[in-house]
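**Q**
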Amino acid sequence: MMDDTFFRKCSNNRSFLSLCTWNNILLHYLYAPLLLICAAFTLLHYHVLHTKDTWEEISGLDENYTPIRTYQVCQVMEPNQNNWLRTSWIEKGDAQRIFVELKFTLRDCNSLPGVVGTCKETFNLYYQETDSEVGRNIRENQYVKIDTIAADESFTQGDLGERKMKLNTEVRIIGPLSRRGFYLAFQDVGACIALVSVKVYYKKCWSIIENLATFPDTVTGSEFSSLVEVEGTCVSDAEEEADNSPKMHCSAEGEWLVPIGKCICKAGFHQKGDACEPCGRGFYKSSSQDLQCSRCPAHSYNDREGSWRCDCEDGYYRGLSDPPSVACTRPPSAPQNLVYNINQTTVSLEWSPPADTGGRNDVTYRIMCRRCSWEPEECVACGGNVGYSPQQAGLVDTYVSVVDLLAHANYTFEVEAVNGVSDLSRTQRLFAAVSIATSQATPSQVSEVIKERVQQRSIQLSWQEPEQPNGVITEYEIKYYEKDQKDRIYSTVKSRSTSATVNNLKPSTAYVFQIRAFTAAGYGTYGPRLEVTTKEEASAATIVSSEQNPVIIIAVVAVAGTIILVFMVFVSACQLALLSLTGLHSRGVRPPHTTLKFPGTKTYIDPETYEDPNRAVHQFAKELDASCIKIERVIGAGEFGEVCSGRMKLPGKRDMSVAIKTLKVGYSEKQRRDFLCEASIMGQFDHPNVVHLEGVVTRGKPVMIVIEYMENCSLDAFLRKHDGQFTVIQLVGMLRGIAAGMRYLSDMGYVHRDLAARNVLVNSNLVCKVSDFGLSRVIDDDPEAVYTTTGGKIPVRWTAMEAIQYRKFTSASDVWSYGIVMWEVMSYGERPYWDMSNQDVIKAIEEGYRLPAPMDCPPGLHQLMLDCWQKDRADRPKFDQIVGILDKMIRNPNTLKTPVGTCTSPLLDQSTPDFTTFRSVGEWLEAIKMERYRDNFTAAGYSSLDSVARMSIEDVMSLGISLVGHQKKIMSSIQTMRAQMLHLHGTGIQV
87 MMDDTFFRKC SNNRSFLSLC TWNNILLHYL YAPLLLICAA FTLLHYHVLH TKDTWEEISG
147 LDENYTPIRT YQVCQVMEPN QNNWLRTSWI EKGDAQRIFV ELKFTLRDCN SLPGVVGTCK
207 ETFNLYYQET DSEVGRNIRE NQYVKIDTIA ADESFTQGDL GERKMKLNTE VRIIGPLSRR
267 GFYLAFQDVG ACIALVSVKV YYKKCWSIIE NLATFPDTVT GSEFSSLVEV EGTCVSDAEE
327 EADNSPKMHC SAEGEWLVPI GKCICKAGFH QKGDACEPCG RGFYKSSSQD LQCSRCPAHS
387 YNDREGSWRC DCEDGYYRGL SDPPSVACTR PPSAPQNLVY NINQTTVSLE WSPPADTGGR
447 NDVTYRIMCR RCSWEPEECV ACGGNVGYSP QQAGLVDTYV SVVDLLAHAN YTFEVEAVNG
507 VSDLSRTQRL FAAVSIATSQ ATPSQVSEVI KERVQQRSIQ LSWQEPEQPN GVITEYEIKY
567 YEKDQKDRIY STVKSRSTSA TVNNLKPSTA YVFQIRAFTA AGYGTYGPRL EVTTKEEASA
627 ATIVSSEQNP VIIIAVVAVA GTIILVFMVF VSACQLALLS LTGLHSRGVR PPHTTLKFPG
687 TKTYIDPETY EDPNRAVHQF AKELDASCIK IERVIGAGEF GEVCSGRMKL PGKRDMSVAI
747 KTLKVGYSEK QRRDFLCEAS IMGQFDHPNV VHLEGVVTRG KPVMIVIEYM ENCSLDAFLR
807 KHDGQFTVIQ LVGMLRGIAA GMRYLSDMGY VHRDLAARNV LVNSNLVCKV SDFGLSRVID
867 DDPEAVYTTT GGKIPVRWTA MEAIQYRKFT SASDVWSYGI VMWEVMSYGE RPYWDMSNQD
927 VIKAIEEGYR LPAPMDCPPG LHQLMLDCWQ KDRADRPKFD QIVGILDKMI RNPNTLKTPV
987 GTCTSPLLDQ STPDFTTFRS VGEWLEAIKM ERYRDNFTAA GYSSLDSVAR MSIEDVMSLG
1047 ISLVGHQKKI MSSIQTMRAQ MLHLHGTGIQ V
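The numbering of the sequence shown is the numbering used here, which starts it at 87 and goes up by one.
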């Protein structure tokens, strides 16, 4: 793992050879994934320091009694020691953060008699960045101190007598470094110390092949939390997937994170492990999108490797639109059993399909018509005067009618079966043929038709005899149909003259007429279409009185009466139930916790009630195709894996931005079930203030939950980023959206349990949406924010007392949490209860303490917070009431100035001291157990509670109160005092 330069350095310094060798062994055993830089030590000599070499190179024993060489110093008898040891220049390469591991032993000062005041048990570690070696004459002030190093274990005289050292190991980090190299220096200030080994290394992500992309060795970033994005290079015979280039992120710990994008093997190659191999002979792969090579289809072959298609055998072909996966085929054989029927100058042909379709199912037929003279082999094409029904070519059915042939003429008809490769074949055409002689011709078309008279229900027509009757016309046939019906449904009328009247028509209706003539040779063809619309019918009102139809009136009255009776019974039952519950409550009896659900109301279903959790996922969440999801970048880390942003493109829809939660590799079945549980919950919700679930990917890897993308991320971080930039009404609007989402969840019977600003997301339009339905999971970004009780962990600062003490989670406990969210919003993301510990928060709440109003928070909003923090959960407002109060504040901002609560009693908890009853500042200080500062307040002139209520944090600090905890306790009490004065007197205090 070390280059030749390292070994040359070690061999040139014989005393250091043992140290380097020992380090190399230990490195191989403990630090295989890390790169080590080894540098020989050199002593520093300063004319301003001690000129004597106080660090000495001495032999010793390691923990396994193996002889080693160490650098030691033990000048403990003399004061003011300043002994330096420095490494040679170390070139850092691409590293930006360097790790230094020290192994050393240190003598206990208590085991050295007579060294009191001069002996130390620490030494200092320094470094200096340079672009090249600078020599030895460098002053002490040119070094940067890394840390003071102390030993976890020190040895005594008895240990020394055994000649066994107790090694201490310490690791320190240097960075970020910007120059080409650096020196390390060790300063002894009077300790008895032996320096055994020094390892200098940095971390990197080793080269890896992932998704057929090679990612090179990558040095980690300069910061502990930084991610280095690396572009991958496709392996040989692979190409990047369209719009999905391969990327990975190297973490600060030298680990690769979830891959984004991928490479795929080119056409003719398939994936085998981390490489693309050519398809073998007799196999092909037509597209890079295909996963594996396929065997050549029927009647095709190839004799080379890496083919993207197979060639057809002789006599077989592949159509121009046929994909390479289709077997090669050939033209069909000729149609069978061709028969005909002649009617003067019309010929009907019928046949059977060919015996051999050539292996295709796209067989159609085409007709070739030739008119022949009485001499053999003198034939010409029939031309455009001949008609074909339904058509001449592209026939799917096995019959055709040929019309408008000449009378007394010879015709030859050829019927050919064709398929997708017929035009590619060079072989002779195969067809069935028949020769026919026509007889007398039918009449020509009736070309001119006139409408004589149009009525509401009849039309009279007249026409001229055809120009070529071709015999004696015995009758005419009139074909007619409604225009909207086209000719799907038609009727006929016959006439022996050149006029006719068509009766029984509909008024105001468009009809189409066609006429043809009949002779002994048969019917001629229909003439041109004539469109005629009948006249409108005169309107007449049809009045049906109650006397004319009494049965209908009686039936309607009976039905209406029944509906009214059922409604009255339902309303009466609801009123009785309400009165019953009210009566119980008035007598001090609490009604049972039941919810009346009307028909059509959607109710939340707990996924844990399903015996198979996968059923819940597939019932409530839409399964998405992994190919529709494109991960673009990692935006964070969740409990189960990475959180990414990306795009989703569903068939027939525009692509959209989405957030993607991924399940990390190597998950257990329980982790997978817990991960998808959140999707089972979210899939049941549909509200503009609740984050929308787009779907899940459970049939591919990684397993994903796809939700709508919220551009501004979590509410607490968003507010901290934009501190003081919003108006009060804008903040109230955000709170109103959160309350509306919680009202929806409450109406469905869902209890959130973890409502906090961190679990509310904000989109680009500042719309707030409730999210994170993982119940009471650990809070990743704040380990102290949870409090363990029986059954799980609870976010103490946001949780009601009954939920902490008795685990009673209800919609009322969510209301308490909503009050904390209100405080977070109005304080722009400040931490609730500041730096108080969880136990202190619980104790303070039990004693009646409530959070004071944030700076510039209107009294009305703080009053609503206090409502939400009522000790008795029955006294807290419902989310429906909260939405109503916030709507009123938005419509009339003046209501923000006046505390208007939803409770009948004062809004402060009854256990909160009523500061308005104290007669002096001293009594108030005693009540809050801060009487030690009585003289401070008196000396500053604060003699009344009114003057105290006007104090700011700067005023409190000016009294000489330096303890931060005492400052916050006094200010919290002053804020509560203000709220009580505002509530009782309705007057503002100018602060």
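Built from N, CA and C at the ideal position, the CB exists for glycine as well.
Which residues mark the beginning and the end of the alpha helix (DSSP H) in which D900 is found?
**A** 897-912
**Q** Distance check for V848 and R863, CA to CA, integer angstroms please.
**A** For R863, the predicted model reports a pLDDT of 36, less than 50, meaning its position is unreliable and no value from the coordinates is stated.
**Q** Determine the contact status of R381 and Y402, defining contact as a CB-CB distance below 7 Å.
**A** In this structure, Y402 does not lie closer than 7 Å to R381 by Cβ.
**Q** Can you tell me whether S380 is helix, strand or coil according to DSSP?
**A** strand
**Q** Residues in the same chain with beta-carbon distance under 6 Å from P982, minus the five sequence neighbours each way, listed in chain order, please.
**A** Looking at the sequence shown, residue 982 is not Pro but Leu. P944, G946, M975.
**Q** For V202, which option in W170, G179, T208, E164 has the closest C-alpha, if you only look at C-alpha atoms?
**A** E164
**Q** Quick check: G786 and K750, are their CB atoms within less than 7 Å of each other?
**A** No. Outside cutoff.
**Q** Rank Q531, W141, E226, L547 by C-alpha distance to the C-alpha of E538 and give the top, closest one.
**A** L547
**Q** Among the residues of its own chain, which have a CB less than 7 Å from the CB of I1060, if the five just before and after it don't count?
**A** V1034, A1035, M1037
**Q** What residue range does the alpha helix (DSSP H) around S533 cover?
**A** It is not in any alpha helix (DSSP H) - S533 carries neither H nor E in the DSSP assignment.
**Q** Would DSSP call R222 helix, strand or coil?
**A** coil
**Q** For the alpha helix (DSSP H) that contains H39, what are its first and last residues?
**A** There is no way to answer for residue 39, as the model of the chain reaches only from 87 to 1077.
**Q** Suppose the cutoff is 6 Å on Cβ atoms and the five residues either side in sequence are ignored; what does the same chain contact list for N845 look like?
**A** For N845, same chain residues with a beta-carbon under 6 Å away, outside a window of 5 residues either side, are S857, D858 in chain order.
**Q** What's the call for Q524, buried or exposed, on a 16-neighbour Cβ count within 10 Å?
**A** Note on identity: in this sequence residue 524 is Thr, with Gln being the wrong assignment. Flag for T524 reads buried.
**Q** How many angstroms separate the CA atom of L710 from the CA atom of P364?
**A** 32 Å
**Q** T306 and G276: beta carbons closer than 7 Å?
**A** Cβ atoms of T306 and G276: not closer than 7 Å.
**Q** If I'm right that V776 touches G827 with Cβ under 8 Å, what's the distance once you round it to whole angstroms?
**A** 5 Å
**Q** Excluding the five sequence neighbours on either side, which residues of its own chain have a C-beta within less than 7 Å of the C-beta of G724, listed in chain order?
**A** K747
**Q** May I ask which residues mark the beginning and end of the alpha helix (DSSP H) holding K1010?
**A** Reading off the sequence shown, one finds Trp at residue 1010, where the question assumed Lys. Unbroken alpha helix (DSSP H) run through W1010: 1007-1013.
**Q** Could you give the DSSP three-state label for N109: helix, strand or coil?
**A** Low per-residue confidence applies at N109: pLDDT is 33, beneath 50, and the placement is therefore not dependable, though the value from the model is reported in the following sentence. Three-state DSSP puts N109 in a helix.
**Q** Please name the residue in T216, L198, P940 whose C-alpha comes closest to that of E177.
**A** T216
**Q** Just to check my reading of the structure: T432 and L492 have Cβ atoms closer than 8 Å, yes? What is that Cβ distance to the nearest angstrom?
**A** Taking the Cβ atoms as the reference, T432 lies roughly 12 Å from L492, outside the contact range of under 8 Å.
**Q** With a floor of 3 residues, list each beta strand (DSSP E) that falls wholly inside the region 514-601, ordered by position along the chain.
**A** 517-523, 535-540, 545-549, 561-568, 577-581, 585-588
**Q** Are the CB atoms of P439 and A413 nearer to each other than 7 Å?
**A** no
**Q** How far does the alpha helix (DSSP H) with M828 in it extend, from its first residue to its last?
**A** 814-833
**Q** Given N496, which residues of its chain have a CB within under 6 Å of its CB, disregarding the five upstream and five downstream residues?
**A** Exclusion of the five residues before and after N496 leaves C458, A523 as the residues of its chain whose Cβ lies within less than 6 Å of its Cβ.
**Q** Considering only the beta carbon of each residue, do V907 and A843 sit closer than 7 Å?
**A** yes
**Q** How far does the alpha helix (DSSP H) with D1032 in it reach, from first residue to last?
**A** 1031-1035
**Q** DSSP state of D966, grouped into three classes?
**A** helix
**Q** Count the other CB atoms, across all protein chains shown, that sit within 10 Å of the CB of M742; report buried if there are 16 or more and exposed otherwise.
**A** exposed
**Q** Hey, how far is the Cα of F301 from the Cα of I295?
**A** One Cα belongs to F301, the other to I295, and the distance between them is close to 6 Å.
**Q** Taking C-beta to C-beta, are T611 and A596 nearer than 7 Å?
**A** At a Cβ-Cβ threshold of 7 Å, T611 and A596 do not count as neighbours.
**Q** Quick one, are the C-beta atoms of N505 and D448 less than 7 Å apart?
**A** Contact: yes.
**Q** Since Q600 and R615 should fall inside the 8 Å C-beta cutoff, what is the C-beta to C-beta distance between them, to a whole number of angstroms?
**A** 6 Å
**Q** Around the Cβ of L952, are there at least 16 other Cβ atoms within 10 angstroms (buried) or fewer (exposed)?
**A** buried
**Q** Return the Cβ separation of A420 and R452 in integer angstroms, given the expectation that the two are a contact with Cβ distance under 8 Å.
**A** Their Cβ separation, rounded to whole angstroms, is 12 Å, which puts A420 and R452 out of contact at 8 Å.
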